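A.B. asks: Quick note on this note's numbering: the sequence shown kicks off at 4 and runs consecutively. I'd like to ask some things about the structure below.
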Amino acid sequence: MPLRPARCYTKFSGPPYTRREYIHGVPQPKITKFEMGNYEMMKNASLKGELIAIEAGQIRHNALEAARIAVNKYLASTVGDQNFYFRIRVYPHHVLRENKLMAFAGADRLQDGMRQAFGKPIGTAARVYPGHIILEVWAREQDATHVKEALRRGGDKFPIPTRIVLKKLA
């Protein structure tokens, strides 16, 4: 069965479900690297770009990985590997569950529908609220247009609206 669309998991109500000792077989998040580029740029940069969430929502681990690849590839090809530092500020702790239903002839005799529908874990997601910083990039001031475009490409991967803020550092 293919992966459900992000709209099925974007909204949330209630507390996050992170107690992994009660839920067996949680898949590993696809995203493993949270920091890329040249770490020294964090101290030497004259510009900091941030991608900030406008609405509350959940960002799945595969969307975070897609944004990481898009931002890192764009910055590495336009600005250069040593001229930026990029960090992802959120981590996918929340366990997503799905109550899979059978869809074939005679399935109504085999399954119970929504009775005790806890669901099996299918992935993880990061919960963000309005004002949370999702991605940050440190770079030189002359690379401002490239940083803004990279963050826009990363924000396109997320199911929630975001905004880009560029700050000049002293």
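Using N, Cα and C, we set each Cβ at its ideal position, and we do this for glycine too. Source: prediction; values computed, not measured.
Using three-state DSSP, classify glycine 157 as helix, strand or coil.
C.D. replies: Helix at glycine 157.
A.B. asks: Kindly identify the DSSP beta-bridge partner or partners of arginine 100.
C.D. replies: Answer by DSSP bridge pairing, in chain order: Pro124.
A.B. asks: Roughly how many angstroms separate the alpha carbons of arginine 143 and methionine 45, rounded to a whole number?
C.D. replies: For arginine 143 and methionine 45, the distance between alpha carbons rounds to 10 angstroms.
A.B. asks: Between which residues of its own chain and methionine 39 is the CB-CB distance below 6 angstroms, once the five residues before and five after are set aside?
C.D. replies: Answer for methionine 39: Asn75 and Phe89, listed in chain order.
A.B. asks: Just tell me which of Arg22, Gln85 and Ile163 has its CA closest to the CA of asparagine 47.
C.D. replies: Ranking Arg22, Gln85 and Ile163 by Cα distance to asparagine 47 puts Gln85 first.
A.B. asks: If distances are taken between C-alpha atoms only, which option among Ile72, Pro8 and His27 comes closest to isoleucine 91?
C.D. replies: Of the candidates Ile72, Pro8 and His27, the one whose C-alpha sits nearest the C-alpha of isoleucine 91 is Ile72.
A.B. asks: In terms of residue numbering, what span does the beta strand (DSSP E) encompassing valine 82 cover?
C.D. replies: Per DSSP, valine 82 belongs to no beta strand (DSSP E) and is neither H nor E.
A.B. asks: In terms of alpha-carbon separation, which member of Pro32, Thr13, Gly17 and Tyr42 lies closest to isoleucine 125?
C.D. replies: For isoleucine 125, the nearest C-alpha among the options comes from Pro32.
A.B. asks: Determine, using beta carbons only, whether glutamate 139 and glutamate 53 come nearer to each other than 7 angstroms.
C.D. replies: For glutamate 139 and glutamate 53, yes; Cβs fall inside 7 angstroms.
A.B. asks: Considering only their Cβ atoms, is the gap separating glutamine 61 from threonine 127 smaller than 7 angstroms?
C.D. replies: For threonine 127 and glutamine 61, no; Cβs fall outside 7 angstroms.
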